[in-house]
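When we follow my numbering, the leftmost residue of the sequence shown carries the number 50, and every step to the right adds one. Beta carbons are placed, not taken as given, at the ideal position from N, Cα and C, and that holds for glycine. Since the structure comes first, as structure tokens, the remarks are kept for the end.
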Amino acid sequence: MFNFKKTLMLVTFISGLTTITKPVLADKEMPFYNDGFDTTGLLVENFDLRSPKSWKVENGKIHSTASMGSAVLKKSLDTDCSVSVDITPLAGKGKFIGVIFRGFKFLIRPDGFWYVYRLKAKSRASGGLINSKIIPKKVYKMKVISKKINKAWMFIWYIDGKKIAQFIEPGEIEDKTFFALFYYKMPAAFDNLAISKIVSDKISSNLLKNSSFEYLQEGIPLGWRPSDMNTVVGTYGTMENFWKTWKIDSSDAWQGKNSLYMENNSLTKANGAYSPRVGVAVKMPLVYSLYLKADKDNFPVTLVIWEWLGRWHFKKIKLSKQWKRYNFVLNAPAKNSVSVGIKFTAKGIVHMDAVQVEEGDKASPYLPSILDSGLQKKSNLTVKFPAPVNVPVLKTPPVLDGKISDDWKDVARVNNFLIAGKNIPREKTDAFIGCDKDNLYIGVKCYTATPEKIRALAQGHDDGKIWGDDVVEIFIDTN
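What follows is the structure, encoded as structure tokens:
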């Protein structure tokens, strides 16, 4: 049991804090980042692992593997937001585990729950301890709400749904704007991280970005994909037919300027579309709604909800030639993110628009998501492209034996690579490219000062595990 009496005393008497006697709750929480830590590849993509060897993904959780480690989220936090995460202490002894949030640490240690931070004007740290006996291998559901009130920060801290601390700090803290998972000499596992924006109740409840297909890149709606993206040619017959039968239509929309046009003609086997990934609350109902129309009445279509890396849910409906709204409720999702969409195999044309995913079991009037604001941001950075390389036509093709030897001497060579930005790599990489009338030949030579540390693991063809390792990616533009 938590010692709530002691909690109140601690919050009241800590120097520099202002207590809150009346609860201050978020108007509404809009998920914008979720991670169930199911794959190593996504962990590496979304977090800066200050010591990569101090973390591992195991059984759908991220585990500590050293005496200390931090995983810093690469995304920026909104001013008003909430963070929730499941934390499991794997031992009853040690130092502490938890999260670092705006320079404030919210930690679990063997004798209870500890929040601590440092003010710029003070030499000693501020904070408080809520005494509680920590049970090894118990999952503690931690949630922290952060809001800016004038120039002060307000925090509300929950463990397993019970509020254990609530305070306002008006002092100037050491500026640390990042969010991180953290442990120090206490083994732990983390799961189900969810970060949400806190918004006014008047703001749209739609969790889905680009829900009416207004944001495009080279004619393709950002975040959306065909329902059978892995075998586009197998499903659509040819790439030319794909571009004709899965496209934006600016002449017929229910909302805004655009709708998504999908057609099954004589070449296509099926058609449909899936949305960007949407963060949702586990075990809480959600409703997926959208506007659809077809080129004929009683046209059969299947609504789809996919729990990310989990179960698929389907609902069969029939469309008319007029725009109409359709709803699909998922009562208790087991995963913390979903993708929604439609699919159909009947020959004909379907238009799709004004898609909405929101918490609850009843759809509210459609509104674009506030998350679309991130799609509108423009950068003033100038993008500098490297000089083009002329690819020579080879009289004799190189031998493909895993070695870059003399038979590659006549190909083009590229070595001006950067590391995800402007940084020069510590280790050199050489790429070689040539062609003949039938084939394109590509070779890559990667240098390392510590070859003994290389783990040469061959992954299966099309195996998603490949993204958890170092990879060479090749992008071909056919335009």
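Which of helix, strand or coil DSSP assigns to residue i
i      : result
Asp127 : coil
Glu408 : strand
Asn290 : helix
Ile354 : strand
Trp457 : helix
Asp485 : coil
Glu501 : helix
Leu541 : This structure does not reach residue 541, given that the chain is present from 50 up to 528, and the question cannot be answered.
Asp402 : strand
Ile523 : coil
Asp421 : helix
Ile183 : coil
Trp163 : strand
Ser254 : coil
Val73  : Low per-residue confidence applies at Val73: pLDDT is 35, beneath 50, and the placement is therefore not dependable enough to give any value.
Ser413 : coil
Thr317 : coil
Gly451 : coil
Gly328 : strand
Phe466 : coil
Val378 : strand
Phe81  : strand
Element boundaries [beta strand (DSSP E), containing residue i]
i      : result
Thr284 : From DSSP, Thr284 is part of no beta strand (DSSP E) but of the alpha helix (DSSP H) over Val281 to Tyr285.
Gly191 : For the sequence presented, residue 191 should be read as Met rather than Gly. Tyr189 to Ile198 is the extent of the beta strand (DSSP E) around Met191.
Thr445 : Taken as a continuous stretch (DSSP letters only), Thr445 belongs to no beta strand (DSSP E), as it is neither H nor E.
Thr298 : Thr is not the amino acid found at residue 298; the sequence shown has Asp there. Trp295 to Asp298 is the span of the beta strand (DSSP E), which, as asked, contains Asp298.
Ile247 : Ala237 to Val248
Tyr233 : Phe228 to Tyr233
Trp206 : Ala201 to Ile208
Tyr264 : It is not in any beta strand (DSSP E) - Tyr264 carries neither H nor E in the DSSP assignment.
Ser386 : Ser386 to Phe393
Lys364 : Trp361 to Leu368
Ser338 : Leu335 to Ala343
Gln304 : Counting along the chain, Gln304 falls outside any beta strand (DSSP E), and DSSP gives it neither H nor E.
Glu476 : Unbroken run through Glu476: none, as it is neither H nor E.
Gly147 : Phe145 to Phe150
Gln601 : No answer is possible for residue 601: the residues shown for the chain start at 50 and end at 528.
Ala174 : Run containing Ala174: none; DSSP gives neither H nor E here.
Leu156 : Phe153 to Arg158
Same chain, Cβ closer than 8 Å to residue i, neighbours up to 5 away in sequence not counted
i      : result
Arg274 : Ala322 and Tyr323
Leu443 : Asp459, Val460, Gly483, Cys484, Asp485 and Tyr490
Thr70  : Any reading at Thr70 must be qualified, since the residue scores a pLDDT of 29, below 50, and its modelled position is unreliable; no value is offered.
Ser125 : Thr226
Gly397 : Glu312, Asn313, Ala343, Asp344, Lys345 and Phe348
Pro334 : Val378, Leu379, Asn380, Ala381, Glu408, Gly409 and Asp410
His362 : Val353, Ile354, Trp355, Glu356, Phe377 and Leu379
Closest Cα partner of residue i within the set the options
i      : options                           : result
Lys364 : Lys342, Ala381, Ala343 and Lys392 : Lys392
Leu316 : Thr284, Tyr310 and Gly328         : Thr284
Ala505 : Pro382, Asp519, Phe377 and Gly397 : Asp519
Gly210 : Pro101, Asp344 and Ser133         : Ser133
Phe231 : Ala507, Pro101 and Ser388         : Pro101
Ser103 : Asp421, Ser113 and Asn439         : Ser113
Lys293 : Ala302, Gln304, Gly147 and Asn314 : Asn314
Leu529 : Leu358, Tyr375 and Ile354         : Outside the displayed span of the chain (50 to 528) sits residue 529, for which this structure offers no information.
Trp295 : Glu408, Trp303 and Gly268         : Gly268
Asn272 : Val93, Asp129, Pro325 and Leu257  : Here residue 272 turns out to be Gly, not Asn, going by the sequence shown. Cα-wise, what sits closest to Gly272 is Pro325.
Asn95  : Thr89, Lys77 and Lys123           : Lys123
Ala174 : Lys411, Trp206, His362 and Glu221 : Glu221
Asp97  : Ile453, Phe291, Gly152 and Val121 : Val121
Glu522 : Asp127, Lys110, Val493 and Asn439 : Val493
Ser260 : Lys182, Met401 and Ser195         : Met401
Ile198 : Phe216, Lys182 and Lys452         : Phe216
Gly359 : Val336, Val331, Lys373 and Gln304 : Val331
Cutoff 7 Å; reference residue i; Cβ partners in own chain excluding five residues on either side
i      : result
Leu139 : Pro185, Lys186, Pro236, Ala237 and Ala238
Gln371 : Lys342
Phe81  : Ile244, Ser245, Lys246, Gly328 and Leu420
Ala75  : In this predicted model, Ala75 has a pLDDT of only 37, less than 50, meaning its place in the structure is not dependable; the value taken from the coordinates is given anyway. Counting only Cβ-Cβ distances below 7 Å, and skipping sequence neighbours, we find Ser131, Ile194 and Ile247.
Pro441 : Asp459, Val460, Ala461 and Gly483
Ile136 : Ile146, Gly147, Ile157, Tyr189, Met191, Ala237 and Phe239
Phe150 : Val132, Val193, Ser195 and Phe228
Asp87  : Gly109 and Leu358
Contacting residues, own chain, Cβ-Cβ under 6 Å from residue i (five flanking each side not counted)
i      : result
Thr497 : Glu476
Asp455 : none
Ser298 : Note that residue 298 corresponds to Asp in the displayed sequence, not to Ser. Counting only Cβ-Cβ distances below 6 Å, and skipping sequence neighbours, we find Ser308 and Tyr310.
Gly143 : Lys234 and Met235
Met117 : Tyr233
Asn83  : Ala243, Gly328, Asn385 and Ser386
Phe481 : Trp457, Val460, Arg462 and Gly492
Ser388 : Tyr323, Ser324, Arg326 and Trp355
Trp303 : Tyr340, Trp372, Asp402 and Ala403
Ignoring anything shorter than 3 residues, give me the beta strand (DSSP E) runs that lie fully in the stretch 83 to 135, in order along the chain. Entirely contained in the stretch 83 to 135, the beta strand (DSSP E) runs reaching 3 residues are, in chain order, 96 to 98, 104 to 107, 110 to 113 and 117 to 122.
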